[in-house]
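Chains as they are written, first to last, in my numbering: chain E, 211 to 614; chain Y, 211 to 614.
C-beta atoms are modelled at their ideal positions from N, C-alpha and C, and glycine is treated no differently.
Number of protein chains: 2
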Amino acid sequence: MIVSPLAPASFPDLPEIAGVRFAHAEAGVRYKNRVDVMLAEIAAGSTVAGVFTRSSTRSANVRDCEAKIGGAQGAGAAFVVNSGNSNAFTGKAGDGSVAAISDAVAERLGIPATRVFTSSTGVIGERLPHDRIIAKLDELKNNLTPGGIDGAARAIMTTDTYPKGSGREVAINGGSVRIAGIAKGSGMIAPDMGTMLVYIFTDAKIGHDALQALLRAQTDLTFNCITVDSDTSTSDTLLMAATGASGIDVTDSVAFNDALHEVMLDLAHQVVRDGEGATKFVEVRVNGARTNADARKVARAIADSPLVKTALAGEDPNWGRIVMAVGKSGAEANRDRLSIRFGDILVAENGWVAESYTEQAGADYMKGQELVIAVDLGLAGGMATMWTCDLTNRYVEINADYRS
Amino acid sequence: MIVSPLAPASFPDLPEIAGVRFAHAEAGVRYKNRVDVMLAEIAAGSTVAGVFTRSSTRSANVRDCEAKIGGAQGAGAAFVVNSGNSNAFTGKAGDGSVAAISDAVAERLGIPATRVFTSSTGVIGERLPHDRIIAKLDELKNNLTPGGIDGAARAIMTTDTYPKGSGREVAINGGSVRIAGIAKGSGMIAPDMGTMLVYIFTDAKIGHDALQALLRAQTDLTFNCITVDSDTSTSDTLLMAATGASGIDVTDSVAFNDALHEVMLDLAHQVVRDGEGATKFVEVRVNGARTNADARKVARAIADSPLVKTALAGEDPNWGRIVMAVGKSGAEANRDRLSIRFGDILVAENGWVAESYTEQAGADYMKGQELVIAVDLGLAGGMATMWTCDLTNRYVEINADYRS
Chain E
211 MIVSPLAPAS FPDLPEIAGV RFAHAEAGVR YKNRVDVMLA EIAAGSTVAG VFTRSSTRSA
271 NVRDCEAKIG GAQGAGAAFV VNSGNSNAFT GKAGDGSVAA ISDAVAERLG IPATRVFTSS
331 TGVIGERLPH DRIIAKLDEL KNNLTPGGID GAARAIMTTD TYPKGSGREV AINGGSVRIA
391 GIAKGSGMIA PDMGTMLVYI FTDAKIGHDA LQALLRAQTD LTFNCITVDS DTSTSDTLLM
451 AATGASGIDV TDSVAFNDAL HEVMLDLAHQ VVRDGEGATK FVEVRVNGAR TNADARKVAR
511 AIADSPLVKT ALAGEDPNWG RIVMAVGKSG AEANRDRLSI RFGDILVAEN GWVAESYTEQ
571 AGADYMKGQE LVIAVDLGLA GGMATMWTCD LTNRYVEINA DYRS
Chain Y
211 MIVSPLAPAS FPDLPEIAGV RFAHAEAGVR YKNRVDVMLA EIAAGSTVAG VFTRSSTRSA
271 NVRDCEAKIG GAQGAGAAFV VNSGNSNAFT GKAGDGSVAA ISDAVAERLG IPATRVFTSS
331 TGVIGERLPH DRIIAKLDEL KNNLTPGGID GAARAIMTTD TYPKGSGREV AINGGSVRIA
391 GIAKGSGMIA PDMGTMLVYI FTDAKIGHDA LQALLRAQTD LTFNCITVDS DTSTSDTLLM
451 AATGASGIDV TDSVAFNDAL HEVMLDLAHQ VVRDGEGATK FVEVRVNGAR TNADARKVAR
511 AIADSPLVKT ALAGEDPNWG RIVMAVGKSG AEANRDRLSI RFGDILVAEN GWVAESYTEQ
571 AGADYMKGQE LVIAVDLGLA GGMATMWTCD LTNRYVEINA DYRS
């Protein structure tokens, strides 16, 4: 496994969250000799919120989580996640697998099955061998530990080249609140539909409705602002549990909101940095649009464009392709008002290349690993930012060979 | 230059169109020693219609053609096309280049400048050296010949690996009408916005408004149904001239409509077959959708998906990715009603893989060069067909290196 050149130096030291314990195991769901199941046990009194893909072919697990997420809070809960098989498009058998796992976990942890949230990620359309997961539940239960989140992060990886985690500790109301999150994702990543697999835990005290609203709002500013390949997963799931063990109520807390935003954005960026085949991490900033929605259309058109992304892979400052992407986006734009920058370098303005721009300056900028493409439409105050990566031969190789 | 493995065996024998003469030349717009300008002279009494990209950053030439296309018909006309430089995002200088070429052609051919339609294709954002084109106009005029359409097809190529032409001769009202068309296109090809560069000629007699309506309708069934890479050009242009030299009025002729459809579809398919790096020609058929618009959304989601297209490149019958694309399309779909076929092979139905399906059958099918992916949503009668190609390493190589 070649680790992405954009990977963080190491997995972060995440704070332990009072009221949550983790375990992982090798269940052999698809491959032998790799961790592929995680269990998170969440204490009674916690609230659980979630955001899910809107795909019309979303997996049995996602549908089950959707049905459970708004239900009675307060009882203990569990997150169970396997990699290797997505349990998507597996018909009634898929629903049965979810029920079997939920019942088995509920029995062992002494919680209602309606509080067991499952996720599966991997190949679509193959029967989930849920017996292999159930056979590991006693081992998982025995190994539960508050410090086990790093193993959990490894257990949910598929084509990821590194585990993804992010945490914060913030002072609120004279006390201290902790947040720790993990994520997986590398391909089949597209914005505006949901997320990938993300699990966030906090010891803050917050009701379900408030947590759900917060999570939805921050998803729109983080996970919904990234794209690797414009393809949206059938399994995208973000689950968050708040145990309340800190005793600190964070409802309406700006500090908590900010800390959660940082954790979610960090995880979202880590997903892009592990984009299949990625060698460049690219921030696309759009302002001056007629509306924020228009700005998002332009940012997404640039971030999704295969021609922009292959130019980035080739370190070619081909700004004409950015003009193309603006043009096709469907957003209002005026050739003579828009300007384009690479980082601080003014590339184009007044409907043409800038007088001060040199091809050499653009080419030098493109050699960097962290790039900013900024477009000002010059119309009004609408703005949006998205994050993406380049499109390389390695992406094609990974995805032409995925199952063979 | 490696010719696409999907290319036709040879350029077709196109019928000569009475009232149209062609010439081509080496103007050195960007490269030396290759034909890069074509001129088509169209006799007085002809009607001219056109369909253009809706990109908000469309080129100076496209804006000029749009302004001219509905104007007074009847005078002689000309199409002038260069490759190597798109004259898009070139500010006021770009408008000046179009005017300079139009005036110079008009003077030499004795026609109004408002009847000179220009197209430019190639790199975006560089000043068009229009003097080099104007310097070749006398040579072009002297070489005009009714049989020169094959040279014109070569002169408009950019990353194309073969020239594209299609023609038909149809019996109508006891006489005979001829249609001949040429096209260029290989990358930056996406549906629903316009076309690539296409020029079609006929000796049929038909008024401007009827020809324009026909062209728009057939564009929606042909060029707007193909995609190579989901990126839309700033220069997409389809121009058609009807000289009336056959004396046969084709207004409301079903036979003419059908023949024009065949020519346009043939050219559209040839563009996909020359898709950058393509090794597979793929028809995506969707039926059973709630509406035709929904069917088109699903067909486009499949045809544009990088994950579907890389699987095709790898000859991997990864039908789970088709399920994913259906799910993300935004069209109404029901997991338990949709079915998927590879050619005649039933792959999935009733929300899961079909009992009769074997991975070996799917893998064998994928080895073919011409593939059909058929999705039945099982909801109502909406249907659509799109054509696409696979996504290979060669696509990335071509586009990471385009300008360097």
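- Within the DSSP secondary-structure output, Val315/Y pairs in no beta bridge.
- Counting C-beta pairs with one atom in each stretch, the stretch 415-426 of chain E and the stretch 250-261 of chain E have three or more that are closer than 8 Å, which means they touch.
- Excluding five sequence positions before and after Thr461/E, the CB atoms of its chain that fall closer than 7 Å to its own CB belong to Ile416, Gly417 and Ala420, given in chain order.
- Under the three-state reduction of DSSP output, Leu475/E falls in the helix class.
- Rounded to whole angstroms, the gap between the alpha carbons of Asn528/E and Asn352/E is 56 Å.
- If you ignore the 5 residues before and after Leu548/Y, its C-beta comes within less than 7 Å of the C-beta of Val536, Val585, Asp586, Leu587 and Gly588, all in its own chain and listed in chain order.
- For Gly485/E, the three-state secondary structure derived from DSSP is coil.
- Between the alpha carbons of Ala414/Y and Glu251/Y lies a gap of roughly 16 Å.
- When Asp476/E, Thr324/E, Ala314/E and Ala298/E are compared, the shortest CA-CA separation from Val408/E is found for Asp476/E.
- Under the three-state reduction of DSSP output, Ala543/Y falls in the coil class, being neither helix nor strand.
- Of the other Cβ atoms in all chains shown, fewer than 16 fall within 10 Å of the Cβ of Pro356/E; this residue is therefore exposed.
- Less than 8 Å divides the Cβ of Asp484/Y from the Cβ of Ala217/Y.
- With contacts defined as CB atoms closer than 8 Å, Gly286/E and Arg325/E qualify as a contacting pair.
- Residues of the stretch 428-448 of chain Y with a Cβ closer than 8 Å to any Cβ of chain E, in chain order: Asp439, Ser440, Asp441, Thr442, Ser443 and Thr444.
- Here Trp562/E carries a strand assignment [DSSP, helix/strand/coil].
- By the criterion of a C-beta distance shorter than 8 Å, Ile555/E is surrounded in its chain by Tyr567, Ala571, Gly572 and Tyr575, once the five residues flanking it on both sides are discounted.
- Of all alpha-carbon atoms in Thr328/Y, Arg273/Y and Ser265/Y, the one lying nearest the alpha-carbon of Ser293/Y is that of Thr328/Y.
- By the beta-carbon neighbour count (other beta carbons within 10 angstroms, threshold 16), Pro516/Y is buried.
- Here the alpha carbons of Arg273/Y and Val308/Y stand approximately 10 Å from one another.
- Sequence-distant Cβ neighbours of Arg337/E in its own chain, meaning closer than 7 Å and more than five residues away, are Thr300 and Ala303.
- The secondary-structure analysis by DSSP pairs Val230/E across a beta bridge with Ile252/E.
- For Trp562/E, the nearest beta carbon of chain Y is closer than 8 Å to its own beta carbon.
- Residues of the same chain with a CB within less than 7 Å of the CB of Cys599/Y, apart from the 5 flanking positions on each side, are Val438, Val482, Gly485, Ala488, Lys490, Phe491 and Val492 in chain order.
- At the C-beta level, Phe221/E and Gly358/E stay beyond 8 Å of one another.
- The alpha carbon of Met367/Y has as its nearest neighbour, out of Val582/Y, Glu472/Y and Val239/Y, the alpha carbon of Val239/Y.
- Counting along the chain, Gly384/E sits inside no alpha helix (DSSP H), nor does DSSP assign it H or E at all.
- Around the beta carbon of Ile550/E, 16 or more other beta carbons lie within 10 angstroms, which makes this residue buried.
- Less than 8 Å separates the beta-carbon of Ala390/Y from that of Ile227/Y.
- Taking C-beta atoms as the reference points, Arg531/Y and Ala521/Y count as a pair closer than 8 Å.
- Under the DSSP assignment, Thr429/Y falls outside any beta strand (DSSP E), being part of the alpha helix (DSSP H) whose first and last residues are His418 to Leu431.
- C-alpha of Asp223/Y to C-alpha of Gly377/Y: approximately 8 Å in a straight line.
- What Phe221/E touches in chain Y, judged by beta-carbon distance under 8 Å, is nothing: the nearest beta carbon there is about 28 Å away.
- Using a CB distance below 7 Å, the part of the stretch 267-288 of chain E facing chain Y consists of Thr267 and Arg268, ordered along the chain.
- A straight line joining the alpha-carbon of Gly454/Y with that of Gly229/Y spans about 8 Å.
- DSSP, read as helix, strand or coil, puts Phe466/Y in helix.
- Identification of chain E residues near Ile382/Y by a Cβ-Cβ cut-off of 9 Å yields none; the smallest Cβ-Cβ distance measures about 38 Å.
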